[in-house]
Each structure stands twice: as C-alpha cells, then as structure tokens.
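Here the protein sequences come in this chain order: A and B.
Okay, so the first sequence: first residue is 1 according to my numbering, each after it adds one.
Okay, so the second sequence: first residue is 1 according to my numbering, each after it adds one.
Don't be surprised by glycine CBs; every beta carbon is placed ideally from N, CA and C.
Working notes, beginning with the structure itself.
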Amino acid sequence: MEWEAVIGLEIHAQLATNSKIFSGASTAFGAEPNTQACAVDLALPGTLPVFNEEALRMAVKFGLAIDANIGRTSVFDRKNYFYPDLPKGYQTSQLFFPIVGEGHVDITLEDGTTKRVGVTRAHLEEDAGKSLHDEFPGMTGIDLNRAGTPLLEIVSEPDMRSAEEAVAYVRKIHSIVTSLGICDGNMAEGSFRCDCNVSVRLKGEEEFGTRTETKNINSFRFIEKAIKGEIERQIDLIEDGGRVVQETRLYDANKNETRSMRSKEEANDYRYFPCPDLLPIVIDEDYIDVIRDNLPELPDARKARFIEEYTLSDYDAMVLSGDHHMATYFETVAKTAKDSKLAANWVMGELSKHLNQNDTTIADSPVSADQLGGLLVRIKDNTISGNIAKKVFEAMWSEGGTADEIIEAKGLKQVTDTGAIEKTVDEVIANCTKQVEQYTSAEPEKRGKMIGFFMGQVMKATGGKANPGAVTGILKKKLDALCD
Amino acid sequence: MFDKTLAELAQGLENGDFSSVELTQAYLDRIAAEDGKYNSFITVTGEQALEQAKAADEARATGNAGAFTGLPIAHKDIFCTEGVRTSCASKMLDNFVSPYNATVVNKFNTAGAVMLGKTNMDEFAMGSSNESSFYGPSKNPWDTDRVPGGSSGGSAAAVAAHLAPAATGTDTGGSIRQPAALCGITGLKPTYGRVSRFGMIAFASSLDQGGPMTRTAEDAAMMLNVMAGFDPNDSTCMQKDVPDYTADLSKPLTGLKIGLPKEFFPDDLNPAVAQQVQAAIKEYEALGATVKEVSLPNTALAIPAYYIIAPSEASSNLSRFDGVRYGYRCENPVDLEDLYKRSRGEGFGPEVKRRIMVGAYALSEGFYDAYYKKAQQIRRLIKQDYVNALNDVDVIMGPTTPHPAFKLGEKTSDPVAMYMEDIFTISLNLAGMPGISIPCGMTEGLPVGLQIIGNYFAEEKLLNVAHQFQVATDWHKKTPQGI
Chain A
1 MEWEAVIGLE IHAQLATNSK IFSGASTAFG AEPNTQACAV DLALPGTLPV
51 FNEEALRMAV KFGLAIDANI GRTSVFDRKN YFYPDLPKGY QTSQLFFPIV
101 GEGHVDITLE DGTTKRVGVT RAHLEEDAGK SLHDEFPGMT GIDLNRAGTP
151 LLEIVSEPDM RSAEEAVAYV RKIHSIVTSL GICDGNMAEG SFRCDCNVSV
201 RLKGEEEFGT RTETKNINSF RFIEKAIKGE IERQIDLIED GGRVVQETRL
251 YDANKNETRS MRSKEEANDY RYFPCPDLLP IVIDEDYIDV IRDNLPELPD
301 ARKARFIEEY TLSDYDAMVL SGDHHMATYF ETVAKTAKDS KLAANWVMGE
351 LSKHLNQNDT TIADSPVSAD QLGGLLVRIK DNTISGNIAK KVFEAMWSEG
401 GTADEIIEAK GLKQVTDTGA IEKTVDEVIA NCTKQVEQYT SAEPEKRGKM
451 IGFFMGQVMK ATGGKANPGA VTGILKKKLD ALCD
Chain B
1 MFDKTLAELA QGLENGDFSS VELTQAYLDR IAAEDGKYNS FITVTGEQAL
51 EQAKAADEAR ATGNAGAFTG LPIAHKDIFC TEGVRTSCAS KMLDNFVSPY
101 NATVVNKFNT AGAVMLGKTN MDEFAMGSSN ESSFYGPSKN PWDTDRVPGG
151 SSGGSAAAVA AHLAPAATGT DTGGSIRQPA ALCGITGLKP TYGRVSRFGM
201 IAFASSLDQG GPMTRTAEDA AMMLNVMAGF DPNDSTCMQK DVPDYTADLS
251 KPLTGLKIGL PKEFFPDDLN PAVAQQVQAA IKEYEALGAT VKEVSLPNTA
301 LAIPAYYIIA PSEASSNLSR FDGVRYGYRC ENPVDLEDLY KRSRGEGFGP
351 EVKRRIMVGA YALSEGFYDA YYKKAQQIRR LIKQDYVNAL NDVDVIMGPT
401 TPHPAFKLGE KTSDPVAMYM EDIFTISLNL AGMPGISIPC GMTEGLPVGL
451 QIIGNYFAEE KLLNVAHQFQ VATDWHKKTP QGI
C-alpha cells in the first residue's frame with residue numbers, strides 16, 4: 001500500500017510592533033514577569049481595547065506579499081475560553097471577516113521544481129500570557145508580558161504532501177515575514193510558531209483521512225521531525241488495524257515523538273461573537289495602494305536579483321535570499337569585499353557553520369557583516385591567506401574585534417617579502433635531505449605533487465603567514481635547480 | 001441647603017454663602033445620619049471628599065474655579081475609582097480596590113467635583129430593583145418598603161433622599177431612566193458613544209452608557225458638560241464636539257413636534273401612569289408643541305432581543321472574574337477547574353449567574369444563528385423604527401415605566417416579570433439613541449416618570465424640552481415625606 005500525507009499548517013507570527021495590539025504596553029521580549037502588562041493586559045474591570053493600527057499595516061503588507069484578497073472590512077471576534085494565562089477569559093481574534101483572505105506562495109522542492117501552496121486566510125489576534133510551572137513548586141505562575149502581543153495567524157490550505165514540503169512552506173513564510181520586517185522570525189523566543197495538521201490517506205484517494213494537530217513546534221528541524229514522526233505513527237496505526245483519532249498533540253523534542261494533549265471531545269465551544277468593544281476595521285484602496293507602493297523587496301524577487309547581480313548559482317541564490325537577515329548580511333559582505341562569490345562562500349560556509357554549532361541566528365551573529373567583509377578584503381589584497389583567514393574569523397567570533405585588529409595583534413600578516421621566504425625555503429631544503437633526494441630522483445611529471453610536502457614545511461615554519469603563491473614559485477625554482 | 005440643585009449650589013459657592021468643605025461636610029453628616037434608611041451608598045469616601053473639597057476651595061480662592069468646582073456628587077459603584085473599593089455591588093469585587101480612575105471619574109475630578117462615595121446598584125448592573133446587590137437593596141425614599149428601581153437604584157435613592165445633589169448612573173436597558181422615574185428625579189441616558197465607557201465595568205458593551213442622575217434637567221446639562229466627549233481609551237466613543245448643554249435650555253418649545261408611539265400606551269398600562277403622562281403632554285401642548293401618533297412596530301420584540309444580546313455580551317465580559325488575578329477566590333481550590341467553578345459559583349449572585357448561563361447558551365455552537373444573529377437582526381429593525389418615527393417628529397414621549405415603584409420582593413421570584421419593567425426603556429438602548437426621564441406626576445404618593453426620546457446626539461434638544469417642562473411645573477420639586 002502506498003500512503004500519502006496531507007499537511008496543512010497554521011503559523012503564528014508575532015508582529016514586530018512596539019506596543020501591544022490593544023494596549024500601549026511594550027512588546028519587548030525577556031522583561032521581568034508582569035512588568036510589561038498594563039491594566040488592559042491584566043483585564044482589570046472596566047478596561048477597554050484600543051486597536052494598534054501598526055498591526056493592521058503589517059497584516060496588509062503580508063496580504064499583499066502573498067497576492068491575497070485584503071479584507072476591506074474586517075471584524076474582531078471574541079473566542080471565549082478559560083485559561084489562567086488568558087486574562088479576559090477570551091482571546092480577541094478574527095473568525096468571520098479576517099484581514100487577509102485567500103492568497104498563495106510558491107515553494108521550491110528538492111528536485112528544483114516549484115509548487116504553489118494556497119493560503120486560506122491570515123487574521124489578526126492577540127497572544128496569551130505564559131504559565132510558569134517550574135518556578136513555583138506546587139503552584140503555577142502567570143506572566144502576562146506576552147498577553148496582547150499582536151499575532152498574525154496564517155492558515156494554509158492542506159496542500160503539502162511531505163514533511164519536506166511543509167518545511168519549505170514554513171521557510172517561505174518565514175522569509176516573507178522577515179523580509180517585510182513585520183516579524184523578527186525568532187523561533188526560539190516563540191515569535192514564529194507553527195501548528196501542523198497532518199493526516200494520511202492511500203495514494204489516489206479523494207477523501208482526507210482523520211487529522212491530528214501538533215502544536216507549537218519551535219524550529220524548522222522539529223517541524224520536519226514532528227511531521228515525519230506523526231505520518232509514520234498514523235500509517236503504523238492504520239496498518240495495525242487502528243484508527244486515527246482527531247486530537248491535539250504535543251511534540252516532545254527530547255523524545256522526538258508527539259503525544260496526545262486533548263481529544264476533539266474535550267475541545268472547547270469557543271462561543272465566537274463579534275467583539276462589541278471594537279469597531280469594524282474599514283480600509284480603502286488608497287490605504288492599500290500606499291502600502292503596496294512601499295513594499296520592500298520580497299524573497300522571490302531578491303533571489304532573481306542575486307542570480308543576476310551577483311552571478312550566483314540558483315542554489316546559492318536561494319539559500320542566501322531565503323532568510324531576510326542572511327540576505328542583508330550577504331549583500332553587505334559582498335559589497336565590502338567587492339567579491340560576491342567569495343562572500344557567498346564565506347556566508348554559506350564558515351559563518352553558517354559557526355551559527356549552527358553555536359545554535360544562534362545570523363541576526364545575533366557576533367561577527368557583523370561589516371567585520372566579515374573587512375576580513376575578506378584582507379584575503380583579496382593578499383594580507384592573509386584563506387587558511388589564516390579562518391583563524392582570524394575564529395578569533396573574531398570568540399573574542400570580537402575587526403580582522404585588522406586581530407591580524408595586527410597576532411602578527412598574522414602574510415609574508416610576501418621574497419628574501420624572507422627564500423631564507424626559510426633554503427632552511428627547509430637543508431633540513432629535509434631525504435625528501436629532496438626523492439624529489440630530484442623522481443620523474444619530472446611527478447614532482448609537481450611532491451612539492452606539497454615542502455610547501456607544508458615552509459608554512460609550518462612561518463606560522464602559515466607566507467604567501468602561498470610566492471612560496472610555490474620559490475620552492476619550484478630552487479628544487480628544480482637541484483635536479484640539473 | 002439639601003434641597004438645592006447643583007446650579008443653586010454652584011451659585012452659593014460662587015457667592016461665598018458656604019465653602020465646598022462646609023457643603024461636603026454637611027452632606028457627609030447627612031449620609032451618616034440618614035442612609036441607614038435607604039442603603040444608597042456602598043462606600044462613603046469622607047476623607048477623600050474633604051480633601052477634594054479643600055482643594056476646590058483653594059482653587060476658588062486663587063480664582064481658578066470652574067462651573068463644577070467644589071460641587072459634591074456620588075458615583076455609581078460601577079465606575080472605577082483609584083484607591084477606592086469598586087465593587088459593582090458584587091461579592092466578586094467586594095475586595096477590589098481599583099488602581100485607576102474611569103474616564104468619567106477623571107473628568108469630574110479634573111472639573112473640581114467632590115466625590116461623596118460610591119452608590120448601591122444591582123449586581124453588575126443586572127436588575128431593575130436594586131435587589132440583586134450583594135450589599136442588600138437600596139430603598140425608595142418615597143416608601144422604604146418599595147424598590148428604588150435599578151440598576152442605578154442607589155444613585156436615584158441618594159438624589160431623591162437629598163444625600164447627594166447629583167450622581168452618575170449607567171443605563172444598559174433603562175438603568176438610569178427607570179430608577180429616576182421610580183424615585184422622582186431626572187435621569188438622562190445619552191447617545192451610545194457620547195460618554196466614555198473606559199473604567200465603567202462592562203455589563204453589555206454595545207448597550208452600556210453612563211449618564212447623569214439629578215434633580216433637574218439643568219443639573220443634568222451641567223453634569224453632561226463634564227461627562228461627555230471623546231476618549232482615546234474607548235474605541236466606541238464618538239469623536240464629536242461637545243456643545244454647552246446648558247446653552248439651549250431656555251429655548252421656547254413653540255412648534256415642537258411630539259410623537260406618541262401607540263405601542264407605549266398599551267391597554268394594560270397602569271391608568272394613573274397613563275393619565276399623568278397624558279397630562280404632561282397637555283402641558284407641552286400649552287407650551288406650543290404639537291402632538292401626533294407615531295409607531296414603533298417592533299417594540300414587542302425589544303425585550304426578547306435584549307435578553308439575548310445583553311446576556312451574550314455579559315457572559316463574555318464577566319469571564320475575567322475568574323479568581324486568578326483579583327477579586328473573590330474560593331478557599332482551598334483543589335485544582336484549576338475547582339478554582340474557576342467555586343470562585344465564580346460563590347462570587348456571583350443568582351441573577352448574574354442566570355444571565356451568564358443564558359448568554360453562554362445563546363452563543364453556543366449550533367444556536368448562534370437562531371439566537372444571537374436573529375437578535376441582532378431585530379435590533380436593526382428596532383433602530384429603523386426609531387429613525388423612521390423621528391423623521392416626522394422632534395421627540396418621542398411616553399411613560400418611562402409601566403407603573404410606579406413596586407414593593408421589595410414583589411418580583412424577585414419571577415425574573416420575566418422583572419424584565420418586563422424595562423419594556424419602555426430597553427428598545428432605546430438597542431437603537432443607541434438618547435432618552436431622558438423626568439418626574440411628571442404622582443400617584444398614591446409615588447412619582448411617575450415621563451420619558452422623552454430624541455435622535456442621535458440630540459441631548460441638547462432633550463434637555464431643553466425637559467427643562468421647559470420643569471420651568472412650567474413643580475413635579476421635580478416634590479420631595480418624599482420626612483426629607
């Protein structure tokens with residue numbers, strides 16, 4: 001039997017407004033609990049919401065970026081349920097008339113083909129606070145700093161058929177919201193979260209299988225793992241004669257498995273109705289046109305430009321343009337170094353390696369784009385070799401500072417003085433009589449490969465600072481002279 | 001001194017006949033001596049009142065007094081007052097001291113008013129008799145065996161018993177006008193969006209509106225001058241200029257067109273009420289008005305529609321009272337569900353629970369279209385009825401209530417009978433238009449109220465029409481025995 005997965009995603013993107021969606025409190029992350037919760041956020045009696053129009057602008061930007069219908073009249077509704085970190089006892093959201101209607105994005109699959117994924121809708125809502133279970137034994141702490149942070153909930157069509165497609169879609173949405181500057185995209189801090197609806201069916205079937213929803217997965221890697229695991233679990237279950245139950249599941253990253261959180265029967269009746277404290281949001285064409293005219297470059301356009309402007313390969317352009325921060329970083333490095341290929345190699349190579357190893361993002365990179373550009377300038381002007389540059393980068397990463405400061409402080413400046421190099425070469429030849437003999441007695445066409453040994457010795461003796469081109473030339477000249 | 005209107009007291013302060021401290025102290029003494037009979041205050045704020053009075057006297061001494069400086073008033077205990085218990089007459093908020101002021105309270109403070117205290121009301125403004133108050137019912141000063149009406153019964157009783165020259169109230173289905181009628185005072189429900197709702201604890205957000213409860217229309221105009229106006233903290237508050245509501249009070253009523261909706265004079269209307277209201281309308285004709293019959297055909301649907309919409313909104317608005325952050329919390333909850341169930345079960349009274357249940361039911365999946373959506377459709381029809389009627393006439397008049405004040409306990413066992421009390425007032429909240437109730441007669445020692453309804457933002461017209469009646473008659477000057 002051949003199975004097919006059907007995947008639809010709900011992404012919650014925290015909008016990067018300075019203040020909350022319905023109050024003036026700050027949205028900054030990481031403050032002391034309950035220091036960024038005002039009377040409105042605490043749902044004190046008598047308080048009322050006032051809509052933050054910046055959130056509207058951001059939602060409209062997103063709608064335009066995915067070629068969606070913009071709701072000319074959108075309405076806030078109340079979604080009623082009790083939870084300690086939901087202070088009002090309802091979440092203000094948009095059910096009946098969302099700000100963003102149907103749209104779509106194109107994702108690139110592994111085989112290079114493009115697939116269009118439908119976006120059903122995207123609506124504005126407020127985030128809840130956080131329940132803290134570990135800090136107070138036997139009790140639950142409530143931190144309402146996050147309560148009222150604006151969210152854009154982006155709901156996809158069930159158009160994805162594999163975990164890889166799902167991740168490609170999430171990356172695309174991530175890329176769009178960060179490029180638009182409407183979300184910082186920080187998944188670890190919960191600024192960008194994903195709920196995955198997964199079902200399986202036999203290939204060729206029309207009907208969808210029963211779906212499960214796996215909530216709040218906070219990295220691209222976990223999304224892929226969670227979906228893969230859930231697909232396997234459902235297939236195993238059905239093949240063993242079981243039945244998938246419609247339920248909400250939680251992904252446990254430590255165990256790499258999903259587990260049941262609540263079944264449909266336990267689900268709330270949210271008693272949605274239009275929020276009487278907020279007026280419908282009515283926007284006109286002019287409002288939309290102004291936003292459209294000021295949209296920044298979007299990921300697809302940027303990728304095309306990277307190929308054109310920096311003569312990058314399709315793959316390099318995709319990687320470098322996909323993440324807004326990475327694209328900006330790359331462009332700064334390329335412009336400073338005046339060498340796009342070198343910049344691409346370093347951003348995708350050394351920098352990405354360090355980011356991954358340290359589990360950090362390019363936005364938080366300890367080496368700035370200007371600093372990396374400065375390093376590459378020193379490779380280009382032969383001040384240092386590529387190998388030395390890696391050492392300098394290492395130092396920049398761990399200790400900070402510019403390339404020039406580190407090269408100077410550590411004395412890593414490349415030796416291009418041929419006199420000094422000749423002296424070292426002479427010493428190496430004098431010390432390695434056995435290898436010199438092998439060289440001189442070898443067939444001339446094999447000598448080229450043998451020169452690497454001497455090269456290594458010279459580099460070792462100079463601490464890697466000798467200009468590799470100059471060393472090769474001098475070595476060749478002196479060794480070949482011995483052969484005659 | 002206690003029979004003086006706000007306007008007269010303002011004159012007295014201006015003339016130096018008495019200071020605000022003297023005036024305030026006199027009222028505080030009177031409340032201490034007399035309110036045992038009426039239970040019209042939940043909290044008396046003597047100390048703060050005297051501080052405010054002192055500040056007002058100082059402002060006057062330095063030439064910085066405004067029209068309201070030094071005048072004492074009371075606030076319905078639904079308005080949040082910083083540092084003062086704001087209970088909404090509920091056990092749920094018996095321990096709640098607000099950390100902020102409602103916009104209306106701030107406006108009065110800025111105008112130099114003195115707050116005597118917080119008045120009794122039906123719990124969370126749900127009721128028409130004041131009997132649902134956690135603090136016990138307020139009593140009608142005309143007959144303390146009778147209800148003062150509700151939900152702003154404490155404010156009405158306090159003004160009628162001369163324990164405060166004026167008070168604030170709120171009106172969701174008649175909660176200013178009905179107690180004003182039953183206690184023989186003047187009560188104005190402004191246009192929805194005229195007065196900020198920020199800091200006014202929500203019952204039904206799309207219907208709630210704060211307004212003045214006073215002895216005269218002139219005083220109501222003075223109060224509204226302070227209360228009305230745009231508030232950036234309330235998205236439903238209108239960005240519309242506030243006129244001087246006292247400016248047009250004296251305009252003659254020649255040519256005024258009064259509409260009498262036949263639906264407001266049903267066959268079973270209390271005959272004495274009908275007779276007093278008809279007499280008042282004769283008085284208006286004598287003042288130069290003409291009268292014609294109009295129709296509000298959907299009036300009978302107002303109560304059923306209201307009792308879907310208001311409880312629906314209330315069921316959601318009152319969800320925040322969950323025992324987690326403030327207010328009543330049950331003893332020793334075993335788990336979260338127990339905390340919710342017992343805190344709410346023990347903290348809310350029966351009428352509040354009844355409305356939460358009705359509202360939650362009306363909004364639940366599968367019933368929403370049949371109840372909430374249908375009720376909103378009816379609401380539009382009712383609004384259209386008023387718009388149509390007011391195309392032909394300047395104001396609409398009728399009785400405020402179907403009969404005078406009833407006995408305490410008379411309707412507590414029959415919620416529907418209680419709901420019918422608001423038959424003439426409730427449709428106006430659904431339409432969002434302003435209405436005022438003024439005393440227009442007496443029957444068996446109890447006051448009768450005349451309701452005057454106008455178009456959106458026609459408060460000036462209503463106050464003018466009410467004031468001219470009060471210039472021509474003495475009904476508003478009647479005082480309960482022993483006061």
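Secondary structure at N18 (chain A): coil, using DSSP grouped into helix, strand and coil. Taking C-beta atoms as the reference points, S98 (chain B) and I42 (chain B) fail to come closer than 9 angstroms. Contact annotation: T290 (chain B) and G255 (chain B) have beta-carbon atoms nearer than 9 angstroms. Residue pairing by DSSP puts K215 (chain A) in a beta bridge opposite A:L250. Below 8 angstroms, too few C-beta pairs join the stretch 66 to 74 of chain A and the stretch 185 to 199 of chain A to call them touching: fewer than three. Neighbours of F82 (chain A) in chain B, taken as residues whose beta carbon is under 8 angstroms from its own, are S319, D322 and Y340 in chain order.
When DSSP states are grouped into helix, strand and coil, G210 (chain B) belongs to the strand group. At least one beta carbon of chain A lies nearer than 9 angstroms to the beta carbon of D234 (chain B).
Under the Cβ distance rule, Y328 (chain B) does not count among the residues neighbouring chain A, no pair being separated by less than 9 angstroms. In the DSSP secondary-structure assignment, D106 (chain A) is bridged to A:R116. With fewer than 16 neighbouring CB atoms inside 10 Å of its own CB, T433 (chain A) falls in the exposed class.
Comparing C-alpha distances from L116 (chain B) to each of B:E51, B:N130 and B:D414 shows the shortest one belongs to B:E51. In the structure shown, the three-state DSSP call for A161 (chain B) is coil. The residues I362 and A363, in chain order, have a CB closer than 6 angstroms to that of H325 (chain A) in the same chain once the five nearest residues on each side in sequence are set aside. Along the stretch 289 to 316 of chain B, going in chain order, the ones with a CB nearer than 7 angstroms to a CB of chain A are S312, E313 and S316. Excluding its 5 nearest sequence neighbours in each direction, P296 (chain A) has C-beta neighbours in its own chain below 8 angstroms: S179, L180 and G181, listed in chain order.
For the stretch 192 to 205 of chain B, the set of positions with a beta-carbon nearer than 8 angstroms to some beta-carbon of chain A reads R197, F198, G199, M200, I201, A202, A204 and S205 in chain order. The beta carbon of P87 (chain A) falls within 9 angstroms of a beta carbon belonging to chain B, placing the residue at that interface. It is roughly 42 angstroms from the alpha-carbon of A228 (chain B) to the alpha-carbon of L336 (chain B).
Counting along the chain, G409 (chain B) sits inside no alpha helix (DSSP H), nor does DSSP assign it H or E at all. Chain order gives the chain A residues near F96 (chain B) as P45, where near means a beta carbon separation below 8 angstroms. By the Cβ-count criterion, C237 (chain B) is buried, with 16 or more other Cβ atoms from all chains shown falling within 10 Å of its own Cβ. A straight line joining the alpha-carbon of A128 (chain A) with that of T246 (chain B) spans about 47 angstroms. Using beta-carbon distances, L269 (chain B) does not count as an interface residue toward chain A, since no partner is under 9 angstroms. Closer than 8 angstroms at the C-beta level to chain A, one finds these residues of the stretch 348 to 382 of chain B: A360, L363, S364, E365, Y368 and Y372. For the stretch 32 to 56 of chain A, the residues whose beta carbon sits under 8 angstroms from a beta carbon of chain B are, in order, A39, L42, A43, L44, P45, G46, T47, L48, P49, V50 and F51.
For I438 (chain B), the uninterrupted beta strand (DSSP E) run begins and ends at G435 to T443, by DSSP. Residues of chain A whose Cβ lies closer than 7 angstroms to the Cβ of T443 (chain B) do not exist; the shortest such Cβ separation is about 38 angstroms.
Listed by position along chain B, the residues whose Cβ is nearer than 8 angstroms to that of L372 (chain A) form an empty set, because the closest Cβ is around 47 angstroms away. The alpha-carbon separation between P311 (chain B) and R355 (chain B) amounts to approximately 5 angstroms.
Our two residues, A279 (chain B) and V352 (chain B), have alpha carbons roughly 39 angstroms apart in a direct line. Leaving aside the five residues that flank T214 (chain B) on each side, the residues in its chain whose CB is nearer than 7 angstroms to its CB run, in chain order, L6, V159, A166, I185, T186, A220 and M223.
The alpha-carbon of G448 (chain A) is positioned some 23 angstroms away from that of A420 (chain A).
With contacts defined as CB atoms closer than 9 angstroms, G359 (chain B) and R342 (chain B) fail to qualify as a contacting pair. DSSP places E293 (chain B) inside the beta strand (DSSP E), whose first and last residues are T290 to V294.
Between N101 (chain B) and R197 (chain B), the alpha-carbon positions lie close to 12 angstroms from each other.
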